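S.K.: Residue numbers (the working numbering): 944 to 1552. Where is the CB? At the ideal position from N, CA and C, for every residue including glycine. As the structure is a computational prediction, the values presented were derived from the model and not from experiment.
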Ligand code: G3I
Ligand code: 9MR
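1. Out of 1030, 1020, 1371 and 1052, which has the shortest C-alpha to C-alpha gap to residue 1073?
2. Tell me whether residue 1310 counts as near ligand 2, meaning its Cβ is closer than 7 Å to at least one heavy atom of that ligand.
3. Quick check on this structure: which residue in 1326, 1347, 1115 and 1368 has the alpha carbon closest to the alpha carbon of residue 1382?
4. Could you tell me the distance, in whole angstroms, from the CA atom of residue 978 to the CA atom of residue 1403?
5. Can you list the residues near ligand 2, meaning Cβ strictly closer than 5 Å to any non-hydrogen atom, in the order they appear in the chain?
6. Is it buried or exposed for residue 1261, if we count other Cβ within 10 angstroms and need 16 for buried?
7. Below 8 Å on the Cβ atoms is my guess for residue 1093 versus residue 1103; work out the distance and round it to an integer in Å.
8. Can you list, in chain order, the residues of its chain whose CB lies under 7 Å from that of residue 994, leaving out five sequence neighbours each side?
9. Output yes or no for whether 8 Å exceeds the beta carbon distance between residue 1025 and residue 1461.
10. Please name the residue, chosen from 1550, 1538 and 1551, that lies closest to residue 1107 on a Cα-to-Cα basis.
11. Could you tell me how far apart the beta carbons of residue 1168 and residue 1321 are, in whole angstroms, since I believe they sit closer than 8 Å?
12. Rounding to the nearest angstrom, what Cα-Cα distance links residue 1326 and residue 1306 in this structure?
13. When we look at the beta-carbon of residue 1454 and count the other beta-carbons within 10 Å, is it buried (16 or more) or exposed?
14. Quick one, which of 1159, 1396, 1464 and 1253 has its alpha-carbon nearest residue 1438's?
15. Go ahead and label residue 1393 buried or exposed: buried means 16 or more other beta carbons lie within 10 angstroms of its beta carbon, across all protein chains shown.
16. Check whether the Cβ of residue 1534 sits closer than 7 Å to any heavy atom of ligand 1, and report yes or no.
17. Closer than 7 Å to a non-hydrogen atom of ligand 1 - does that hold for the CB of residue 1509?
18. Excluding sequence positions up to five away, which residues of its chain have a Cβ less than 7 Å from the Cβ of residue 1263?
19. How about residue 1544 and residue 1451: do their beta carbons lie closer than 8 Å?
20. Quick check: is any heavy atom of ligand 1 less than 7 Å from the C-beta of residue 1359?
21. Here's a check: name, in chain order, each residue in its chain whose Cβ is nearer than 8 Å to the Cβ of residue 1343, leaving out the five neighbours to either side.
22. Does residue 1471 come out as helix, strand or coil in the three-state DSSP assignment?
23. Excluding the 5 residues preceding and the 5 following residue 1534 in the sequence, name in chain order all residues of the same chain whose CB lies nearer than 6 Å to its CB.
24. For ligand 1, I want to know if residue 1362 counts as a neighbour, meaning its beta carbon is within less than 7 Å of at least one of the ligand's heavy atoms.
25. Please find out if some non-hydrogen atom of ligand 1 comes closer than 7 Å to the beta-carbon of residue 1319.
26. List the endpoints of the continuous alpha helix (DSSP H) containing residue 1199.
27. Is it true that the region 1515–1530 meets the region 1475–1493, where meeting means three or more beta-carbon pairs spaced less than 8 Å apart?
28. Among the residues of its own chain, which have a CB less than 8 Å from the CB of residue 1041, if the five just before and after it don't count?
29. Within 10 Å of its beta-carbon, does residue 1283 have 16 or more other beta-carbons around it, so buried, or fewer, so exposed?
30. If you drop the 5 nearest sequence neighbours on each side, which residues of the same chain put their C-beta closer than 6 Å to that of residue 1064?
31. How big is the Cα-Cα spacing for residue 1540 and residue 1136?
32. On a CA-only basis, which of 1507, 1487, 1532 and 1529 is nearest residue 1243? Give me that one, please.
33. Just to confirm the assignment: which complete alpha helix (DSSP H) runs, minimum length 4, are found wholly within the region 1191–1257?
34. Do residue 1166 and residue 1240 have their beta-carbon atoms positioned less than 8 Å apart in this structure?
35. Is residue 1163 near ligand 1 - that is, is its Cβ less than 7 Å away from at least one heavy atom of it?
36. So is the beta-carbon of residue 1381 under 7 Å away from any non-hydrogen atom of ligand 1?
As structure tokens, this is what we get:
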């Protein structure tokens, strides 16, 4: 750990020194040395192999450059909008240079506007009109050139693979081995074959201390626990990615142990968690345990060294409904693969129905953290949104009108989904299946509600100084703010898919630019991707291993002003309150429900643009 800390410190210092040097160069004009250093730094991006999968680079690039010009550090699609944010005091003109140092485009900066969340006055450089593939830098007199970026048809393809691969790296109960993980291989931890029933979960047939087996699943985040509520939205989002873009995912080879079997890799990944989720249902009554956890968070150790007793804790209404919704979706998707997975679809269907029934009989069972348990809570308040979502999925899968009536009973207007508020996921599924729903479904009203919600998101771009959707309200900067941005994009993509209206897809892309550099701190928030990306995520496997670079493909939680971890932050501003340090679990942790929309959105953009 100490060695690791020193390595990261060294890299950081190298970065600072380089950055100072680059600043010095930049202040005297635009230097070609700056350009070559920055080009070198992009080698942290995993390179494609012959199987088109990312080869992780375990030597992190030093975070160089100063990012004064903020843009998507991976780049842009030829046929899509291309925008950078630049300081307000820049001169009026900007130009684009190719790798040979030739100017290929020039334009005028937009008007000065202030983004309140970072208190920055900025102008936009819009070079959407330039669409030739290649490597470029943006130049403005008086400040250092931008990072080198690409204009490329597949600019987010490797990111999409890596974001999905991150789930593999977070698998519980499996050795992560070298052929798939390179330097990040590790031995298995958390077999979860001797999990105890916690007192809060005791029943007549399973009294306190009963041992059950509940293996597999993904670790939730930087911690090693497994939570049903958060698995709900995460697993659903990956299933939806496949359900909406099956052709894209069928051809993706992500170099995981199951690659090459009859299932697309994304479904193999989902299965690892789905099989665990199935074990979380009490077969005696259909209820679902809220979480599988140690009593306290482990130290900064690898999975195999975190061996405290694990428990399943209390059944809850939210867990039952998240479970029911996911099982309903899984049942319809895995019915396509009956030969490879005989009986799974039916098993999921029965599991969904039993959980739904439990929730109907127990509609208000809140999760209350027992006094001896100190890990994540995921205690959502109010379950109408989960009832509506589960009802929508059961209606689609079973084609039974009574579940549509249930959906209408619980339905609320859509909003950006999160682990605690999932109603929009029901809308998303209903819109996707609109063509094959029975006559009882009032698709016109679902569409009207959804598109009006999407219009509000899309219109955010016009009033944003950064030209992005994220940041319509300061309240969007919550714990996991990057997932707010990504889920906004996922919603906009639904509006695009339903209406064919291109401006929704354009708006979705602005938030991907935000995640990858056009943001308050000018970094790419995804490990291993971009010129400057997080090195010290709050992720136990990344922190406790002997590899300098963090595991790639994880999106950090992102800036938010809560600072609940008590670390020392550089700023209190919502969009700048971010710290690339293990200490910062409230801005620099990673989580499955944040990575899942990264997968969905990056894959969708690859298909759309
Ligand atoms: O709902 C209120 C809202 O009404 C209020 O306006 C707002 C003001 O800050 O707060 C909202 O509550 C926040 C809640 O998330 C819902 O967004 C809390 O402040 C915030 O502290 C809470 O953060 C959660 C965090 O756990 C602490 O409980 C995150 O959403 C959640 O993603 C995170 O999840 C953890 C797990 O517990 C453990 N595993 C790691 C994982 C990621 O950090
Ligand atoms: O590591 C924990 C992280 O996964 C959680 O999201 C976070 C909030 O619940 O808590 C982290 O654990 C911290 C604990 O809450 C307080 N002591 C320090 C722990 C991290 O080092």
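M.R.: Reading off the structure:
1. Residue numbering aside, residue 1073 sits at position 130 when the chain shown is read from its first letter. It is 1020.
2. In the chain shown, counting from the first residue as 1, residue 1310 sits at position 367. False, no ligand heavy atom lies under 7 Å from that Cβ.
3. Taking the first residue of the chain shown as position 1, residue 1382 is located at position 439. Ranking 1326, 1347, 1115 and 1368 by Cα distance to residue 1382 puts 1347 first.
4. Taking the chain shown and counting its residues from 1, one reaches residue 978 at position 35. Taking the chain shown and counting its residues from 1, one reaches residue 1403 at position 460. Any reading at residue 978 must be qualified, since the residue scores a pLDDT of 27, below 50, and its modelled position is unreliable; the value itself is stated next. C-alpha separation (whole angstroms): 34 Å.
5. Residues with a Cβ closer than 5 Å to any heavy atom of ligand 2, in chain order: 1165, 1166, 1240 and 1528.
6. Translated into the one-based positions of the chain shown, residue 1261 becomes position 318. Per the 10 Å Cβ criterion, buried.
7. For the purposes of this step, residue 1093 is identified with residue 150 of the chain shown, where counting begins at 1. For the purposes of this step, residue 1103 is identified with residue 160 of the chain shown, where counting begins at 1. Not quite, the Cβ-Cβ distance comes to about 15 Å (not below 8 Å), so this is no contact.
8. As a working mapping, residue 994 is identified with position 51 in the chain shown. Note on residue 994: pLDDT 37, under 50, position unreliable in the model; no value is reported.
9. Residue 1025 sits at position 82 when you count from the first residue of the chain shown. Residue 1461 sits at position 518 when you count from the first residue of the chain shown. Result no, Cβ atoms of residue 1025 and residue 1461 do not sit closer than 8 Å.
10. Indexing the chain shown from 1 puts residue 1107 at position 164. Taking only the C-alpha atoms, the option nearest residue 1107 is 1538.
11. Start at 1 with the first residue of the chain shown, and residue 1168 comes out as number 225. Start at 1 with the first residue of the chain shown, and residue 1321 comes out as number 378. Going by Cβ atoms, the distance from residue 1168 to residue 1321 rounds to 10 Å, so no, they are not a contact pair.
12. The residue given as residue 1326 occupies position 383 in the chain shown. The residue given as residue 1306 occupies position 363 in the chain shown. Approximately 8 Å, taken between the alpha carbons.
13. Within the chain shown, the letter at position 511 stands for residue 1454. Classification of residue 1454: buried, given that the 10 Å Cβ count is 16 or more.
14. Counting from one through the chain shown, the residue named residue 1438 turns up at place 495. Residue 1396 is the option with its Cα nearest to residue 1438.
15. If you number the chain shown from 1, residue 1393 lands on position 450. Per the 10 Å Cβ criterion, buried.
16. Numbered from 1 along the chain shown, position 591 holds the residue referred to as residue 1534. Residue 1534 Cβ: within cutoff of ligand 1.
17. Here residue 1509 refers to the residue found at position 566 of the chain shown. Answer for residue 1509: no, Cβ out of range of ligand 1.
18. Mapped onto the chain shown, residue 1263 falls at position 320. Taken in chain order, the residues that qualify are 1230, 1231, 1298, 1301 and 1302.
19. Here residue 1544 corresponds to residue number 601 of the chain shown, with the count starting at 1. Here residue 1451 corresponds to residue number 508 of the chain shown, with the count starting at 1. At a Cβ-Cβ threshold of 8 Å, residue 1544 and residue 1451 count as neighbours.
20. Within the chain shown, the letter at position 416 stands for residue 1359. Ligand 1 has no heavy atom closer than 7 Å to the beta-carbon of residue 1359.
21. In the chain shown, the residue the question calls residue 1343 occupies position 400. The residues are 1337.
22. If you number the chain shown from 1, residue 1471 lands on position 528. Here residue 1471 sits in coil by DSSP.
23. Residue numbering aside, residue 1534 sits at position 591 when the chain shown is read from its first letter. The answer, listed in chain order, is 1164.
24. Walking along the chain shown from the start, residue 1362 turns up at place 419. Yes, since a heavy atom of ligand 1 falls inside the 7 Å radius drawn around the Cβ of residue 1362.
25. As a working mapping, residue 1319 is identified with position 376 in the chain shown. Yes - ligand 1 has a heavy atom lying nearer than 7 Å to the Cβ of residue 1319.
26. For the purposes of this step, residue 1199 is taken as the residue at position 256 of the chain shown. Neither: residue 1199 is in no alpha helix (DSSP H) and is coded neither H nor E.
27. yes
28. One-based indexing of the chain shown puts residue 1041 at position 98. Counting only Cβ-Cβ distances below 8 Å, and skipping sequence neighbours, we find 1047, 1077, 1078 and 1079.
29. As a working mapping, residue 1283 is identified with position 340 in the chain shown. Residue 1283 is exposed by the Cβ-count criterion.
30. Along the chain shown, one-based indexing puts residue 1064 at 121. Closer than 6 Å at the Cβ level, and outside the excluded window around residue 1064, lie 1031, 1055 and 1057.
31. For the purposes of this step, residue 1540 is taken as residue 597 along the chain shown, with counting starting at 1. For the purposes of this step, residue 1136 is taken as residue 193 along the chain shown, with counting starting at 1. In this structure, the straight-line span from the alpha carbon of residue 1540 to that of residue 1136 is close to 31 Å.
32. If you number the chain shown from 1, residue 1243 lands on position 300. Out of 1507, 1487, 1532 and 1529, 1487 has the C-alpha closest to the C-alpha of residue 1243.
33. 1208–1222
34. As a working note, residue 1240 is residue 297 in the chain shown. As a working note, residue 1166 is residue 223 in the chain shown. Contact: yes.
35. Counting from 1 along the chain shown, the entry for residue 1163 is found at position 220. Yes, since a heavy atom of ligand 1 falls inside the 7 Å radius drawn around the Cβ of residue 1163.
36. Along the chain shown, read from residue 1 onward, the residue named residue 1381 stands at position 438. Outside the cutoff, so no.
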